[in-house]
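Residues 0 to 479 (numbering that gives the first Met the number 0) make up the first sequence, in order.
Glycine included, each C-beta is placed from N, C-alpha and C at the ideal position.
Below is one structure, written out as structure tokens, with a few remarks after it.
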Amino acid sequence: MTAAIVWFRRDLRLADNPALRHALEHHERVLPVYIHAPDEEAPWAPGAAARWWLHHSLEALSIAMARAGAPLLLRQGASLHQLRELARTVDASAVYWNRLYEPASIARDQAIKQSLREDGLIAESFNAALLAEPWQLKTGNGDPCRVFTPYWRNAGARLPQHPPPLPAVRKLSPVAAAPQGLPLKALGLLPDIRWDGGLRETWVPGEAGAWKRLEQYCDDAAAHYKEKRDLPAVEATSRLSPHLHFGEISPGQIVARLRRLAAEDTRHGVVANTDHYIRELGWREFAHHLLYHYPHTPLQPLNPKFAAFPWRKPRDYAADLRAWQRGRTGVPIVDAGMRQLWHTGWMHNRVRMIVASFLTKNLLIPWQEGARWFWDTLVDADLANNTQGWQWTAGCGADAAPYFRVFNPVLQSGKFDSRGIYLRRWVPELAQLPDAALHAPWLAKIAVPAPYDAPIVELAGSRERALLAYADIKNAGGLA
DNA sequence: TGAAATGTTGGGGCG
DNA sequence: ACGCCCCAACATTTC
0 MTAAIVWFRR DLRLADNPAL RHALEHHERV LPVYIHAPDE EAPWAPGAAA RWWLHHSLEA
60 LSIAMARAGA PLLLRQGASL HQLRELARTV DASAVYWNRL YEPASIARDQ AIKQSLREDG
120 LIAESFNAAL LAEPWQLKTG NGDPCRVFTP YWRNAGARLP QHPPPLPAVR KLSPVAAAPQ
180 GLPLKALGLL PDIRWDGGLR ETWVPGEAGA WKRLEQYCDD AAAHYKEKRD LPAVEATSRL
240 SPHLHFGEIS PGQIVARLRR LAAEDTRHGV VANTDHYIRE LGWREFAHHL LYHYPHTPLQ
300 PLNPKFAAFP WRKPRDYAAD LRAWQRGRTG VPIVDAGMRQ LWHTGWMHNR VRMIVASFLT
360 KNLLIPWQEG ARWFWDTLVD ADLANNTQGW QWTAGCGADA APYFRVFNPV LQSGKFDSRG
420 IYLRRWVPEL AQLPDAALHA PWLAKIAVPA PYDAPIVELA GSRERALLAY ADIKNAGGLA
């Protein structure tokens, strides 16, 4: 029996952690380590909001690991160099980790695995993040799946066979003399300016926080998720996305918990309906499947015809982009969403679709600009989900919304926030307006409060402009 | 995980 | 009583 290093990355939990579990079962002593190496994820190193989350999640994991007996070691620098040095120092015979699926991480981890093995170490990786590996599912002819529904018919059907989550690790034996680590603050993850007040009042990063959210969802929201998940003013979604991104909870754990909930509901004579929520986990799986098979998509449209799309140029759209980012477009539902994002690091999914449609179609600004902004401001920023979401809205992705589906933000607002609860909360300038005037105040006969300007773009005209632009590339190349 | 244009239907006012 | 028109309220089609 020997010592093993468990290399933590985005699997910041003790329960259902296959790498940690494996180390515990096959080795006498365990050294858990987190290595801060943002350069290795370039150009998709975590943005500011995600770094804030990471700081607090590492803090929570450190406390939990210390309680279990093997404190988490923090290091920074080249991952391979750090792992080698640590393995030598503590005389470890193995390094274990849970897999990441971003192109840069895959390449790095493969190289590290090979180098460690050449050193004579055991190096093994595990799946802790997905219900199915991205390479497991194929179409009939062996191609990657490009349409969600058949993908999920296949992947969802395997769920009953999904193995139950692994139990939490409670007791670990540390290595005899722990190497020198860094204090958490030294990683420089927290913002210099204190803009994180909204994040702190909204979130509890860490494994315990994740479970609190899930239990809250099961108690309060799961029963009417299907009917209310599109209403941004209602807490009908789980808000687990950042916890999932950092691996504080696994999709397998969520599925198992929801199945238990459904079983309880059935006993109480309620019709349990957890399928709609689990289907959303399916979209997350699908996004990872797509990113794995099409690694160029974070920057390039999956549909090559869109390379010729006549987006506006940076010089022309700079001011509009800034207005969108700051929540000053003059379209209430768009501004509400962008301000919720800025304040809390999160936005309701329905509103994400609305603001994304507004950016790419009404403003004709490339989806990559929106993806980049979301990357820096979302606490749940995830390369697979973010890429898939933006390409879906822009119409250039796999199984994307057809480009001609242009959301009308006024209609969406009226349909999903008819009483204006969400609007009034995030755009307080408009709080005094009557419900009927809220969604499109520029049409109202009443005076609009001075600090709230008219829309930066006319909706009907910009919709037509977007459809014409789409017709351009459609006719030019026979859009698929 | 649309919106707008167009088509259809049916009730009610009215001459 | 009847035809005519208007116009919601849906349904269908098209982008």
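Identify whether residue 157 lies in helix, strand or coil by the three-state DSSP scheme. coil
Excluding sequence positions up to five away, which residues of its chain have a Cβ less than 8 angstroms from the Cβ of residue 170? 67 and 68
Does DSSP put residue 426 in a helix, in a strand, or in coil? coil
Tell me the rounded alpha-carbon separation between residue 276 and residue 335. 25 angstroms
Identify, in the order they occur along the chain, each residue of the same chain with its Cβ nearer than 7 angstroms to the Cβ of residue 115, setting aside the five sequence neighbours on each side. 82, 94 and 122
Pull up the DSSP beta-bridge partners for residue 125, would you. 97
Residue 305, DSSP secondary structure in three states: helix
With DSSP collapsed to three states, give me the class of residue 249. coil
Sub-8 angstroms separation of residue 379 and residue 244 beta-carbons: yes
Can you tell me which of the three DSSP states residue 461 falls into? helix
Coarse secondary structure for residue 89, derived from DSSP in three states: helix
Write down the C-beta distance between residue 99 and residue 8 rounded to the nearest angstrom, noting that I regard them as a contact closer than 8 angstroms. 6 angstroms
What does DSSP give as the partner residues of residue 73 in its beta bridges? 33
Apart from the five residues on each side of it in sequence, which residues of its chain come closer than 7 angstroms, Cβ to Cβ, to residue 385? 370, 373 and 374
Output the boundary residues of the alpha helix (DSSP H) element that contains residue 409. 408-415
Reference residue 70; option with closest CA among 181, 381 and 366: 181
Taking only the alpha-carbon atoms, compute the straight-line gap between residue 413 and residue 422 and give it to the nearest angstrom. 10 angstroms
Under the three-state reduction of DSSP, which class applies to residue 50: helix, strand or coil? helix
Consult DSSP for residue 479 and reduce its assignment to one of helix, strand or coil. With a pLDDT of only 46 at residue 479, under the threshold of 50, the placement of this residue in the model should not be trusted, and no figure is reported.
Give the single residue among 265, 150 and 111 whose Cα lies nearest to the Cα of residue 139. 150
4-residue-minimum alpha helix (DSSP H) runs that sit fully inside the segment 210-290, ordered along the chain: 224-227, 240-244 and 250-266
Would you list the residues sitting across from residue 173 in a DSSP beta bridge? 29
Give me whichever residues DSSP pairs with residue 5 in a beta bridge. 31 and 95
If you check the beta carbons only, do residue 208 and residue 60 fall under 8 angstroms apart? no
Within the continuous alpha helix (DSSP H) that includes residue 352, where are the two ends? 348-356
Proximity to residue 396 [Cα-Cα], best of 293, 155, 24 and 343: 293
Taking the alpha helix (DSSP H) that residue 333 falls in, what are its first and last residues? 331-343
Presumed contact (8 angstroms Cβ cut-off) between residue 403 and residue 466, rounded CB distance: 6 angstroms
Nearest neighbour of residue 471, chosen from 195, 14, 280 and 308 [CA to CA]: 308
If you run the structure through DSSP and keep just helix, strand and coil, what is residue 474? helix
Can you tell me which of 157, 233, 128 and 394 puts its alpha carbon nearest to the alpha carbon of residue 246? 128
Would you decide whether residue 326 is buried or exposed? Buried here means 16 or more other CB atoms lie within 10 Å of its CB. buried
From 388, 358, 26 and 350, pick the residue whose C-alpha is nearest to that of residue 173; which is it? 26
Output yes or no for whether 8 angstroms exceeds the beta carbon distance between residue 231 and residue 416. yes
If I'm right that residue 30 touches residue 167 with Cβ under 8 angstroms, what's the distance once you round it to whole angstroms? Not really, about 19 angstroms apart at Cβ, beyond 8 angstroms.
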